[in-house]
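Below: the structure, in structure tokens.
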Amino acid sequence: MIETLLNLIVSGILIGGLYALAALGLTIVLGVMRIINVSHGAFYTLGAYFTFLFSVMLGMNYIAAFLLSVVIVFAVGVIYERALIKPIRKEELNVLILTFAAAFVIEEIVKFTFGPRYRNIPPYLSGTVTFFGGSVDVQRVFSFVIAIAIVTLLILALRFTKVGKAMRMVAEDEEVAGLLGINVERIQMVSFGFGAVLAAAAAALLSPIYLLYPAMGWDPLLKAFAIVIFGGMGSITGTVLTGIIFGVAEVLTGYYISPTWKTVVPFILLILIISVKPTGLFGEEE
Amino acid sequence: MLQVKELTVHYGKALAVENVSLDVKEGEFVAVIGPNGAGKTTLFKTISSVIKPSSGEIYFEGKRIDTLPPHEVAKLGIAHCPERRRLAYRMTVMENLELGAYLRDDREGIAEDLNYVFELFPILKERKNQKAGTLSGGEQQMLAIGRALMANPRLLMMDEPSVGLAPLMKERIFEAIEEIKMERKVTILISEQDASLVLPMSDRAYVMETGKIKMEGRGKELMDNDYVKVTYLGL
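Chains as they are written, first to last, in our numbering: chain A, 1 to 286; chain B, 1 to 235.
And the structure:
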């Protein structure tokens, strides 16, 4: 009984780490650029399909496929930002609609290129490890470890590197960042690229676990929004913790209540926290 | 060093600065005094290129700067300590100071300037690992000035450094500004509502009202001017 519970919590944490990774990309773009990027899920889709292309279709080893996908999505993100976002960034509503439209376009391009049917990337790691008497796939543990490593690196980079500090300055006060000599537009372009990369990395890490299909990005997009708001907009700690909370809540609901309720639970939690604390778990009052 | 020529600036649709000409020579301490809403902040922001003028030109050491983006203006050696501090409140005191030196890579020079800032404002050293948002208003103003000094600028612009501070803290800030004037080879352009604080230490000053320069003169001359006495010095 208690073993089952612990085991479920472990699988929840494993999946939650990947949710956190994807949501973090949204948090960074929101913080540094003050835009809501509805295309975030499309970058997730691209990450999965590029990994599929390189590993399954072209037969590259998984790590190389992962790295290559991430680099390509970074480039796509940077070009996307320069071409589409930068000219209209101050018009919030236009950005919202444009990123929404672009997400559909990317989805159609993926459908056209790879076909509408489900694809899968076979797990490249086999075997299970035992936690609390239950077993968990090595594949999932590996994906989780990589996700947490990326999150940790990102937090350290934001804290200690010059670019990281510049990103935080732009997030706090764009105008003053310019006065200090920070090239705000360049920092925003790079941040957008990183945001896209985090979505792509999460997708690439989940791709041996979940199926691929052209509209696969919408579900993680909504979940990422819920996580960002629940955690408190702009709070990195909040985003990471919420990702894990949501992962655990989903797994527990799926097992103890019903798999149908699983996907709704994060949104119920979101509504609850917002009604108690409108700024989210770690949100600061302005 | 700095020449502002017939500058007109709109803030949204409102006319904020109208046909303003101003110049600052190397080594000078120049003040712009005037009431709230006179256009002082808009003028400063336009010099930093945060706001683009409707007409007129701005030159720094002979180079036209109103067409450059703000970070390029900063690169030329202009540091702008903005009105109401505008710190990175979620970052530490130390990180704010480091960001002040964002464009520099002379480690030794940065370390020297950091020492200078900590000597000028010892409280900042004590609080260096605290978030800027936890500082008092006066301490935040010290940090804003310190951050601008960390750029080791050739022209230091300070926009209303005493605004919102208690009288004692105002004096403390202006003592520090006087020290900076004496000890650093930096040209200073400062705006201030409290003329009694800034005029005595100014080489020259401009009086700005409703977007226009109403008069200009040497600091001491203006202190003896009847209009300035009545309107700004409360005498």
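Just so you know, even glycine gets a beta-carbon here, dropped at the ideal spot from N, CA and C.
Report the three-state DSSP secondary structure of residue i (helix, strand or coil).
| i | result |
| --- | --- |
| residue 125 of chain B | helix |
| residue 12 of chain B | coil |
| residue 182 of chain B | helix |
| residue 229 of chain B | helix |
| residue 286 of chain A | With a pLDDT of only 49 at residue 286 of chain A, under the threshold of 50, the placement of this residue in the model should not be trusted; the figure read from the coordinates follows. The answer is coil: DSSP assigns residue 286 of chain A none of H, G, I, E or B. |
| residue 204 of chain B | strand |
| residue 216 of chain B | strand |
| residue 188 of chain B | strand |
| residue 33 of chain B | strand |
| residue 130 of chain B | coil |
| residue 86 of chain A | helix |
| residue 107 of chain B | helix |
| residue 92 of chain B | strand |
| residue 26 of chain B | coil |
| residue 277 of chain A | coil |
| residue 175 of chain B | helix |
| residue 7 of chain B | strand |
| residue 59 of chain B | strand |
| residue 136 of chain B | coil |
| residue 224 of chain B | helix |
| residue 209 of chain B | strand |
| residue 159 of chain B | strand |
| residue 69 of chain A | helix |
| residue 37 of chain A | coil |
| residue 61 of chain A | coil |
| residue 20 of chain B | strand |
| residue 259 of chain A | helix |
| residue 68 of chain B | coil |
| residue 238 of chain B | Here chain B comprises residues numbered 1 to 235, so residue 238 of chain B is not present and cannot be evaluated. |
| residue 46 of chain A | helix |
| residue 2 of chain A | helix |
| residue 212 of chain A | strand |
| residue 120 of chain B | helix |
| residue 2 of chain B | strand |
| residue 85 of chain B | coil |
For residue i, which residues from the same chain have a beta carbon less than 8 angstroms from its beta carbon, with the 5 sequence-adjacent residues on both sides left out?
| i | result |
| --- | --- |
| residue 187 of chain A | 32, 163, 166, 167, 170, 177 |
| residue 182 of chain A | 166, 169, 170 |
| residue 21 of chain A | 147, 150, 151, 198, 201, 202, 205, 243 |
| residue 235 of chain B | 229 |
| residue 88 of chain B | 95, 96, 99, 132 |
| residue 184 of chain A | 170, 174, 177, 178 |
| residue 225 of chain B | 215, 217 |
| residue 281 of chain A | 230, 231, 232, 235, 238, 241, 242, 273 |
| residue 171 of chain B | 197 |
| residue 76 of chain A | 43, 46, 196 |
Among the candidates the options, whose CA atom is the shortest distance from the CA of residue i?
| i | options | result |
| --- | --- | --- |
| residue 194 of chain A | A/182, A/154, A/159, A/207 | A/154 |
| residue 81 of chain B | B/220, B/53, B/150, B/103 | B/150 |
| residue 41 of chain A | A/218, A/159, A/235, A/262 | A/218 |
| residue 250 of chain A | A/236, A/267, A/239 | A/267 |
| residue 237 of chain A | A/189, A/212, A/86, A/158 | A/158 |
| residue 13 of chain B | B/171, B/173, B/53, B/161 | B/53 |
| residue 236 of chain B | B/3, B/40, B/211, B/22 | With chain B covering only 1 through 235, there is no way to say anything about residue 236 of chain B. |
| residue 93 of chain A | A/117, A/16, A/36, A/283 | A/36 |
| residue 8 of chain B | B/223, B/56, B/106 | B/56 |
| residue 238 of chain B | B/79, B/41, B/49 | A question about residue 238 of chain B goes unanswered here, because the residues of chain B that appear run from 1 up to 235. |
Tell me which residues share the same chain as residue i and place their Cβ nearer than 7 angstroms to its Cβ, disregarding the 5 neighbours each side in the sequence.
| i | result |
| --- | --- |
| residue 286 of chain A | The predicted model places residue 286 of chain A with a pLDDT of 49, which falls under 50 and marks its position as unreliable, so this point remains unresolved. |
| residue 342 of chain A | Summary: the structure shown does not reach residue 342 of chain A, with chain A confined to residues 1 through 286, and so no result is reported for it. |
| residue 56 of chain A | 121 |
| residue 39 of chain B | 16, 17, 208, 211 |
With a threshold of 6 angstroms on Cβ separation, who are the neighbours of residue i within its own chain once the five nearest residues in sequence on each side are excluded?
| i | result |
| --- | --- |
| residue 158 of chain B | 81, 190 |
| residue 140 of chain A | 14 |
| residue 308 of chain A | Within the shown structure, residues of chain A are numbered from 1 to 286, placing residue 308 of chain A beyond reach of any answer. |
| residue 24 of chain A | 198, 239 |
| residue 201 of chain B | 178 |
| residue 100 of chain A | 38 |
| residue 54 of chain A | 60, 65, 68 |
Does any residue of chain E have a CB that is nearer than 8 angstroms to the CB of residue i?
| i | result |
| --- | --- |
| residue 82 of chain B | Absent from the structure is chain E; the protein chains it does hold are A and B. |
Three CB pairs or more closer than 8 angstroms across the stretch 93-101 of chain B and the stretch 125-145 of chain B:
yes
Three Cβ pairs or more, each shorter than 8 angstroms: is that satisfied between the stretch 6-18 of chain B and the stretch 257-266 of chain A?
no
Taking only runs of the beta strand (DSSP E) that begin and end inside the stretch 111-143 of chain A, which ones reach a length of at least 3 residues, in chain order? 128-131, 134-137
**Asked** Can at least three beta-carbon pairs, one atom from the stretch 135-148 of chain B and one from the stretch 49-63 of chain B, be found at a separation below 8 angstroms?
**Response** No, because fewer than three Cβ pairs between the stretch 135-148 of chain B and the stretch 49-63 of chain B fall closer than 8 angstroms, the two stretches do not touch.
key: Sufficient close CB pairs (3 or more, under 8 angstroms) joining the stretch 65-73 of chain A to the stretch 39-47 of chain A   = yes
- Residue ranges of each alpha helix (DSSP H) run of no fewer than 4 residues wholly in the stretch 156-202 of chain A, ordered along the chain? 162-172, 174-179
- Message: Does the contact criterion of 3 or more C-beta pairs under 8 angstroms hold for the stretch 42-52 of chain B versus the stretch 110-125 of chain B?
- Response: no
Is it the case that the stretch 104-116 of chain B contacts the stretch 71-78 of chain B, given that we only count it when at least three CB pairs across the two stretches are under 8 angstroms? no
Check whether the stretch 270-277 of chain A and the stretch 21-36 of chain B are in contact - that is, three or more C-beta pairs closer than 8 angstroms.
no
Q) Contact between the stretch 29-42 of chain B and the stretch 200-209 of chain B: three or more CB pairs below 8 angstroms? A) yes
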